[in-house]
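Residue numbers (this note's numbering): 344 to 625.
Each residue gets a CB set at the ideal place from its N, CA and C atoms; glycine is no exception.
On a predicted model such as this, the values are computed, not experimentally measured, just so you know.
Only one structure is covered here, and it is reproduced in the block below.
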Amino acid sequence: MKKSMRPVQYRRLAIVCGATLMFFCYPLLTAERTGQALGIKEILLNNSMAVRPAGLVDTVENLEKVLSIAEAGNLLVAWYRATSDGHMRIDVFSDDTRVYSEGKDDAGVWEWPGDKDGPEDVYHEGVGALEHGIEFNIFCLAEFPGRGHEVELAGRETIRGAHYFVLKITLADGFETFRYVNPETWQVDMSRDFRAFHPGLDSTRKDIETRFDQWEQVDGVVFASRSQNVDVESGEVLATIRVLRSRYNLPAHELELARSYVPAEAPTAGRKIAGSTAVPLR
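Here it is in structure tokens:
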């Protein structure tokens, strides 16, 4: 039987897809083929060429993704938007009903459960995850040092037959994460973090591996259209997220980031949300 979900659980799913939310067009030489011991600069350059094959580094101003989220027997649709100036919004739907919204603007982070009259400021532990999601979704890893984040080569590791470059990334707020760069494709195949999977509901930290695959290219940007969060210790798949639609550098008015905005229906892979309006807060 399908489980019912509480508003706090929708918030958890919003944080998951925001945080985890990188097919390249021409071959790149691998470290094994060249015989070179590559340094961090070369690795980041190759990764940039793989995820921005059209040379669009520093040119992504915003993005929109329509996602399906499968977790704990539930299947939801999420509409995620983020901008390079640090704003974001995600709306989560069950069928065509909006069940949860969350965002970050100049005034801070807010949330709006579907059963409430309007949005409220929040300060839960998941705030950092929303900010991290903006960084990893908008910017190439090569841009991170210039944004106050530290990226260092932690070594090599062989996992499931691939001999990865392991990058340790320390974000400006102190959060540490590891990204695994495949030297055959220069894509980030996975990440590993020690964190709470659903901050604000359960603070228990665990080793979580996020696996990225099914690469696609849209608007000159290459990204993984599927990701899975896996508990490293148990091997359990915690959540699977699929990208149904992705767009980059949209006109600002199409992002609909205002707190007062109320989507009339859930988006689909082939159409924009129809009949949506901004309404005054009650």
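Tell me the DSSP bridge mates of Gly446? Arg432, Trp453
Quick check: Val524 and Phe508, are their CB atoms within less than 8 Å of each other? yes
Contact between the stretch 574 to 581 and the stretch 385 to 392 is defined here as three or more beta-carbon pairs at a separation below 8 Å; is this criterion met? no
Could you work out which residue in Ser589, Gln530, Leu581, Asp562 is closest to Ile551 when comparing CA atoms only? Leu581
Among the candidates His596, Leu598, Trp558, whose CA atom is the shortest distance from the CA of Arg585? Trp558
Which runs of the alpha helix (DSSP H) at least 4 residues long sit entirely within the stretch 458 to 544? Give them in chain order. 470 to 481
Could you tell me whether the stretch 495 to 505 touches the stretch 462 to 476, where touching means 3 or more Cβ pairs closer than 8 Å? no
Short Cβ contact (8 Å threshold) for Tyr443 with Pro456: yes
Leaving out five residues before and five after Ala485 in sequence, what residues of the same chain have Cβ atoms less than 8 Å from its Cβ? Leu387, Leu388, Asn390, Ser391, Val400
Tell me, to the nearest whole angstrom, how far the beta carbon of Arg424 is from that of Leu600; I am working on the premise that it is less than 8 Å. 6 Å
If you reduce the DSSP assignment to three classes, tell me which class Val565 lands in. strand
First and last residue of the uninterrupted alpha helix (DSSP H) at Ser391: 383 to 394
Exposure of Thr611, with buried meaning 16 or more beta-carbon neighbours within 10 Å: exposed
As assigned by DSSP and simplified to three states, the class of Ala609: coil
Ala595 (DSSP reduced to helix, strand or coil): helix
Does the Cβ of Leu329 have 16 or more other Cβ atoms within 10 Å, making it buried, or fewer, making it exposed? Residue coverage of the chain in this structure runs from 344 to 625, which leaves residue 329 outside it and unanswerable.
Straight-line Cα distance separating Glu454 from Pro370: Any reading at Pro370 must be qualified, since the residue scores a pLDDT of 38, below 50, and its modelled position is unreliable; no value is offered.
Taking the straight line between their C-alpha atoms, what separation do you get for Gln571 and Phe521? 16 Å
heavy atom of the ligand HEM below 7 Å from Lys408 C-beta: Annotation note on the ligand HEM: not contained in the displayed structure, which lists no ligands.
DSSP three-state call for Val586: helix, strand or coil? strand
According to DSSP, simplified to helix, strand and coil, what is Ser603? coil
DSSP three-state label for Glu407, please. strand
Counted within 10 angstroms of its Cβ, other Cβ atoms place Arg432 as buried (16 or more) or exposed: buried
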